[in-house]
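Numbering (my numbering), first residue to last: 268 to 534.
Written out below as structure tokens is the structure these notes cover.
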């Protein structure tokens, strides 16, 4: 860490809830990835195909093509690549690095999730402590910490669930795997609970056994992940004091949304 660089926070001020260093590093990675994401994707959607095309043109399988024609296309693409890489670097160096509604929309779209503007603004609201309609680093960490240590199911978690998925998806392929989640879950829960959480995410939540098949020991997409974690959060709410009170009054279906809203306002 440089002399002028602020240390990464690892607890909620005044609450003392620690986050494991491995999670903190991944949290920073995802925050940096998330900031100005919608602007970055506009460039990478052009940049990455161009880089792949140049790699193909330079490969031995293109040796029979006309050298002059190949070199012309490579030169043109490399000029474009240099320009796009510069534009990407400018975005990453912006003095203000925050997460906007357009960035949340872009992240969800990338994961195949269609979300309304209202739903995105509600996700921002869950985290936006100073009500400036964007999410800064302190707010990002605070929301993560509160959800990690929530034992009631009352903490607003839509944005947290997205962030947690992006943390697990270390190779950014739109899936989380057993291999990717194992280190993070072990750091947070220890071996016994880690195995229980993996079982729930990758198998038993659907009444199936965990399988080690597929890439990186088996994978699930964002939709399947959200289905599993929302069931866990609802179960936590049912087991909370408020949830038990409501169930005791004979209400079979408990919607914790109102309680979550109250919990958010109480922070």
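The C-beta atom is built at its ideal place from N, Cα and C for all residues, glycine as well.
* Residue interval of the beta strand (DSSP E) (run including residue 443) -> 442-444
* Closest Cα partner of residue 491 within the set 447, 328, 443, 512 -> 443
* By how many angstroms is the C-alpha of residue 414 removed from the C-alpha of residue 253? -> The requested residue 253 is not part of the displayed model; the chain covers only 268 to 534.
* Alpha-carbon spacing of residue 502 relative to residue 307, whole angstroms -> 38 Å
* Would you kindly work out how many angstroms separate the C-alpha atoms of residue 315 and residue 372, rounded to a whole number? => 21 Å
* To do: Could you check which residue in 386, 428, 380 has the C-alpha nearest to that of residue 368?
  => 386
* To do: Assign residue 356 to one of three DSSP states: helix, strand, or coil.
  => helix
* To do: Report the rounded CA-to-CA distance for residue 279 versus residue 403, giving the unit in angstroms.
  => Legend: pLDDT at residue 279 = 46, less than 50; position of this residue unreliable, value from coordinates given subsequently. Their Cα atoms are separated by approximately 15 Å.
* To do: Can you tell me which of the three DSSP states residue 513 falls into?
  => helix
* Cutoff 6 Å; reference residue 375; Cβ partners in own chain excluding five residues on either side -> 382
* For residue 403, the three-state DSSP class (helix, strand or coil) -> coil
* To do: Give the straight-line distance between the Cα atoms of residue 348 and residue 366, rounded to the nearest whole angstrom.
  => 26 Å
* Taking the alpha helix (DSSP H) that residue 366 falls in, what are its first and last residues? -> Unbroken run through residue 366: none, as it is neither H nor E.
* Alpha-carbon to alpha-carbon, residue 406 and residue 391 -> 10 Å
* Asked: Out of curiosity, what's the CA-to-CA distance linking residue 514 and residue 418?
  -> 18 Å
* **Distance, residue 516 Cα to residue 439 Cα** => 45 Å
* Below 7 Å CB to CB, which residues in the same chain sit around residue 428 once its five sequence neighbours on both sides are set aside? => 493, 496
* Minimum length 3: unbroken beta strand (DSSP E) runs contained in the segment 289-346 -> none
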